[in-house]
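Colleague: After the structure tokens below, expect a handful of questions from me.
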Amino acid sequence: MEFADVVRRRRMVRDYDPHRPVPAEIRERLLEHAIRAPSAGFSQGWAFLVLETPEERDRFWTATTGSTPDEPRTPDGWLTRMRRAPLLIVPMSDKSAYLERYAEPDKGWTDRDESRWPVPYWDVDAGMAALLLLLTAVDEGLGACFFGIPPERIAAFRGAFGVPDRLRPVGCVSVGYPGDDDRRSPSLRRGRRTVEEVVHRGQW
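Mapping to my numbering: the sequence shown position 68 is 73, numbers consecutive.
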């Protein structure tokens with residue numbers, strides 16, 4: 006698929022065919038492309054938790070939402086549809102990898118002072134890896150959705166999967182073949198802002 010088509014077709018898919026698993030070779034391409042994302046100082050301070058079995062996925066949804074397959078707690082059915090995704094990938098950032106990398110001689114930030122960073126690039130870079138997951142899914146004929154894990158559920162998520170404290174989940178990417186009940190987000194009624202609205206050339 007041409008790259009322009011991949012970008013144009015990318016959207017968040019919130020319903021999946023539960024009877025069509027993601028082929029292993031496609032799963033591996035998703036991950037191989039994700040680690041091609043840029044990272045400050047080539048720190049590569051990211052990690053990915055891959056959840057495929059029904060037990061793993063149910064454990065994720067229970068930890069992050071407090072719901073079970075029989076008792077979804079979202080009245081709009083969003084969770085019911087999202088739970089059908091056969092593959093979940095949780096990209097995580099590792100701040101310590103960046104602080105250590107920039108303490109090396111070629112960077113020289115030996116104080117490991119987090120205030121030197123204008124923004125948390127460990128999260129930015131993990132987010133770019135997540136975008137490559139989304140774009141690769143489109144290129145492979147799949148649907149995907151990036152969504153957040155509620156802050157009050159992070160501890161439960163860590164405990165459910167033994168995630169080290171140094172890693173912070175920046176969200177989760179659900180992946181699968183779109184289901185029959187997939188629908189456009191009502192938010193799209195807002196319309197996409199144009200280039201003229203958001204771009205300032207030469208000066209604000």
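Heads up, the beta-carbon is just placed ideally off N, CA and C, and yes, glycines get one too.
For a cutoff of 7 Å on Cβ pairs, would you count ASP170 as touching chain D?
Modeller: In the displayed structure, chain D is absent; only one protein chain is listed.
Colleague: When you compare the region 18-25 with the region 181-188, are there three or more beta-carbon pairs, one atom per stretch, that lie closer than 8 Å?
Modeller: Verdict: yes, contact present.
Colleague: Taking the beta strand (DSSP E) that ASP99 falls in, what are its first and last residues?
Modeller: Here residue 99 refers to the residue found at position 94 when the sequence shown is read from its first residue. ASP99 -> beta strand (DSSP E) spans 92-99.
Colleague: Tell me, please, whether the region 56-63 touches the region 86-100 by the rule of three or more beta-carbon pairs shorter than 8 Å.
Modeller: The region 56-63, when compared against the region 86-100, does touch it at the 8 Å Cβ threshold.
Colleague: Which same chain residues end up closer than 6 Å to GLY153 when comparing Cβ atoms and leaving out the 5 residues on each side of it in sequence?
Modeller: Along the sequence shown, one-based indexing puts residue 153 at 148. Correct list, in chain order: GLY176.
Colleague: Using the beta-carbon count (16 or more within 10 Å), is SER179 buried or exposed?
Modeller: The residue given as residue 179 occupies position 174 in the sequence shown. Counting Cβ neighbours within 10 Å, SER179 comes out buried, since at least 16 surround it.
Colleague: Please tell me whether THR69 and PHE162 are closer than 7 Å, where the distance is taken between their beta carbons.
Modeller: One-based indexing of the sequence shown puts residue 69 at position 64. One-based indexing of the sequence shown puts residue 162 at position 157. Yes.
Colleague: By how many angstroms is the C-alpha of PHE47 removed from the C-alpha of GLU109?
Modeller: Taking the first residue of the sequence shown as position 1, residue 109 is located at position 104. Taking the first residue of the sequence shown as position 1, residue 47 is located at position 42. So the two alpha carbons sit approximately 12 Å from each other.
Colleague: Applying the 10 Å Cβ sphere with the 16-neighbour rule, what's the burial state of MET6?
Modeller: One-based indexing of the sequence shown puts residue 6 at position 1. Answer is exposed; the Cβ neighbour count stays below 16.
Colleague: Under 6 Å Cβ to Cβ from ASP128, same chain only, skipping five residues before and after it: list those, please.
Modeller: Along the sequence shown, one-based indexing puts residue 128 at 123. Excluding residues within five positions, the ones whose Cβ falls inside 6 Å are SER98, VAL175.
Colleague: According to DSSP, simplified to helix, strand and coil, what is SER179?
Modeller: Position 174 of the sequence shown, counted from the start, is the residue given in the question as residue 179. It is a strand residue.
Colleague: Could you give the distance in angstroms between the alpha-carbon of SER120 and the alpha-carbon of TRP114?
Modeller: As a position in the sequence shown, residue 120 is number 115, starting the count at 1. As a position in the sequence shown, residue 114 is number 109, starting the count at 1. Their Cα atoms are separated by approximately 11 Å.
Colleague: Please report the straight-line C-alpha distance between ALA52 and GLU105, rounded to a whole angstrom.
Modeller: As a position in the sequence shown, residue 52 is number 47, starting the count at 1. As a position in the sequence shown, residue 105 is number 100, starting the count at 1. If you take the alpha carbons of ALA52 and GLU105, they lie about 16 Å apart.
Colleague: Give the C-beta separation of ALA134 and ALA39 to the nearest angstrom, bearing in mind that I take them to be a contact with Cβ-Cβ under 8 Å.
Modeller: Walking along the sequence shown from the start, residue 134 turns up at place 129. Walking along the sequence shown from the start, residue 39 turns up at place 34. Contact holds; Cβ gap of about 4 Å.
Colleague: Just to confirm, are VAL18 and GLY167 a CB contact at a threshold of 7 Å?
Modeller: Here the question's residue 18 lines up with position 13 in the sequence shown. Here the question's residue 167 lines up with position 162 in the sequence shown. No, they are not a contact pair.
Colleague: DSSP puts PHE53 in a beta bridge; with which residues?
Modeller: Indexing the sequence shown from 1 puts residue 53 at position 48. In the DSSP output, where bridge partners are listed per residue, PHE53 has PRO96.
Colleague: Name the one or two DSSP bridge partners that ALA149 has.
Modeller: Here the question's residue 149 lines up with position 144 in the sequence shown. DSSP, once it has assigned bridges, lists MET17, VAL180 as partnering ALA149.
Colleague: If you measure between the beta carbons of ARG219 and LEU172, is that distance less than 7 Å?
Modeller: One cannot answer for residue 219 here, as it falls past the ends of the chain, which runs 6 to 209.
Colleague: Within 10 Å of its beta-carbon, does LEU193 have 16 or more other beta-carbons around it, so buried, or fewer, so exposed?
Modeller: Residue mapping note: residue 193 aligns to position 188 of the sequence shown, counting from 1. Under this definition LEU193 is an exposed residue.
Colleague: Report the three-state DSSP secondary structure of PRO125 (helix, strand or coil).
Modeller: On the sequence shown, residue 125 is found 120 positions in, with the first residue counted as 1. PRO125: coil per DSSP, three-state reduction.
Colleague: Just the Cα atoms here: how many angstroms apart are LEU84 and GLY164?
Modeller: Start at 1 with the first residue of the sequence shown, and residue 84 comes out as number 79. Start at 1 with the first residue of the sequence shown, and residue 164 comes out as number 159. Rounded to whole angstroms, LEU84 to GLY164 spans 21 Å at the Cα level.
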